[in-house]
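If you read the protein sequences in the order shown, they are chains A and B.
Heads up: the first sequence is residues 1 to 154, going by UniProt numbering.
Heads up: the second sequence is residues 1 to 154, going by UniProt numbering.
Ideal Cβ placement from N, Cα and C applies to all residues, glycine included.
These numbers come from a predicted model, not from an experiment.
Protein chains: 2
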Amino acid sequence: MSIETDIKQKKFRSPFQKLALNLMYTTKWLEYKQLESFKEYDITPQQYNVLRILRGQQGNPIKVSDITERMLDKSSNTSRLVDKLLAKNLAKRSSCESDRRAVDVVITEEGLALLKVLDPFIEDWENRFNIISEEEAEQISALLDKLRENENQA
Amino acid sequence: MSIETDIKQKKFRSPFQKLALNLMYTTKWLEYKQLESFKEYDITPQQYNVLRILRGQQGNPIKVSDITERMLDKSSNTSRLVDKLLAKNLAKRSSCESDRRAVDVVITEEGLALLKVLDPFIEDWENRFNIISEEEAEQISALLDKLRENENQA
DNA sequence: ATACATTTAATGTAGAAACATCTATTAGTG
DNA sequence: CACTAATAGATGTTTCTACATTAAATGTAT
Numbered sequence: 001m002s003i004e005t006d007i008k009q010k011k012f013r014s015p016f017q018k019l020a021l022n023l024m025y026t027t028k029w030l031e032y033k034q035l036e037s038f039k040e041y042d043i044t045p046q047q048y049n050v051l052r053i054l055r056g057q058q059g060n061p062i063k064v065s066d067i068t069e070r071m072l073d074k075s076s077n078t079s080r081l082v083d084k085l086l087a088k089n090l091a092k093r094s095s096c097e098s099d100r101r102a103v104d105v106v107i108t109e110e111g112l113a114l115l116k117v118l119d120p121f122i123e124d125w126e127n128r129f130n131i132i133s134e135e136e137a138e139q140i141s142a143l144l145d146k147l148r149e150n151e152n153q154a
Numbered sequence: 001m002s003i004e005t006d007i008k009q010k011k012f013r014s015p016f017q018k019l020a021l022n023l024m025y026t027t028k029w030l031e032y033k034q035l036e037s038f039k040e041y042d043i044t045p046q047q048y049n050v051l052r053i054l055r056g057q058q059g060n061p062i063k064v065s066d067i068t069e070r071m072l073d074k075s076s077n078t079s080r081l082v083d084k085l086l087a088k089n090l091a092k093r094s095s096c097e098s099d100r101r102a103v104d105v106v107i108t109e110e111g112l113a114l115l116k117v118l119d120p121f122i123e124d125w126e127n128r129f130n131i132i133s134e135e136e137a138e139q140i141s142a143l144l145d146k147l148r149e150n151e152n153q154a
């Protein structure tokens, strides 16, 4: 459905306003779809994001602050997200030797197993994007990167 | 900055995964920017969304359920958002004559005045999109519409 | 008309986000 | 070295979100 129908707004100030609203609307929609898939596995999109980052370390420990840097949502409280993963035995935590302020986090076998179960969902989810070509996808990614560029402007 | 740098991920499974992450990351970034602008006026993006919808009615009352339909975030609790606007004298509420279950909501002069103050911020915010052409904006909007199409697929 | 289902909005509640604060540790400077 | 600043992560608090439930009004079917 078109964004016009979805939010019942016939006119937009400009194609840019329309795009801004569409970006927000579509992302909320995508997140909701993801939330739905994950629900039966008792994991939130944010927790999944952390797990995915942990797997990306391929066995190496990673500090909480470095997880935050890699998060999609920088303002999320990584400490508490890790707590949740710990409580479910999806991650392990140990104090870092070289810097005793820091905490090393590693994914557990159980965490890896859960990701393996979730992978097909994510792939399906990403396959929605197959309606465009790889080149188009790259192009739009480049445009989004550009949008975030002039930090000092707004 | 590129999404690779922003979330410190060098490789992506596909251009589609990259686009999916970029969409989520960019939207969170946009929302954060909006939140920052609104903060000094003591209004949240969600409350602003409702106010904008009320203004769009051009003086006509609108039911709570119809506001929800027009919201970017369908799962938000419109009842309580309207409460907040009421408490700040930005909206008025009166029971609907034709259906006594329903409640009519109207924006106040004070609400309109606040929107007038916020408009320039929103315009600046939307002007970020000027780095792409109107045609490109329409193109991306069309793609986002398409993404949401096969409801039954994922 | 009665009974049951649906709709509309409000409310209760658990959990999460946003933001500030606190403690421990490390880094930097005179 | 002593002192201050900076950093890492945990925690407290308030607000918001997500979800379920409730209450009243309306719609529908027999």
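- [ ] Could you please give me the residues that DSSP links to residue 106 of chain A through a beta bridge?
- [x] A/92
- [ ] Would you kindly work out how many angstroms separate the C-alpha atoms of residue 138 of chain B and residue 148 of chain B, rounded to a whole number?
- [x] 16 Å
Task: Per-residue burial, residue 117 of chain B [other beta carbons within 10 Å of its own, 16 or more giving buried] - done: exposed
Task: Simplified DSSP state of residue 154 of chain B, which is helix, strand or coil - done: A caution first: residue 154 of chain B carries a pLDDT of 38, below 50, which makes its placement in the model too unreliable to give a value.
Task: Option nearest residue 136 of chain B by Cα separation, candidates A/4, A/14 and A/127 - done: A/14
Task: Residue-level contact to chain A via CB, residue 65 of chain B, 8 Å cutoff - done: no
Task: Proximity winner among A/64, A/86 and A/84, relative to residue 100 of chain A (alpha-carbon distances) - done: A/64
Open item on the list: Please classify residue 1 of chain B as buried or exposed, where buried requires at least 16 other C-beta atoms within 10 Å of its C-beta.
Closed with: exposed
Open item on the list: Can you tell me whether residue 111 of chain A is buried or exposed? The criterion is at least 16 other CB atoms within 10 Å of its CB, across all chains shown.
Closed with: buried
- [ ] State buried or exposed for residue 11 of chain A, treating a residue as buried only when at least 16 other CB atoms are found within 10 Å of its CB.
- [x] exposed
Open item on the list: Less than 8 Å between CB atoms is the rule here; does residue 25 of chain A satisfy it with respect to chain B?
Closed with: yes
TODO: Examine the ligand NAP and report whether any of its heavy atoms sits within less than 7 Å of the Cβ of residue 127 of chain A.
DONE: Judged by which ligands are present, the structure shown has none, so any question about the ligand NAP falls away.
TODO: Identify the contact partners of residue 83 of chain A in chain B, using a Cβ-Cβ distance below 8 Å as the criterion.
DONE: Result: empty, since nearest Cβ-Cβ is about 22 Å, beyond 8 Å.
Open item on the list: Between residue 9 of chain B and chain A, is any beta-carbon pair separated by less than 8 Å?
Closed with: yes
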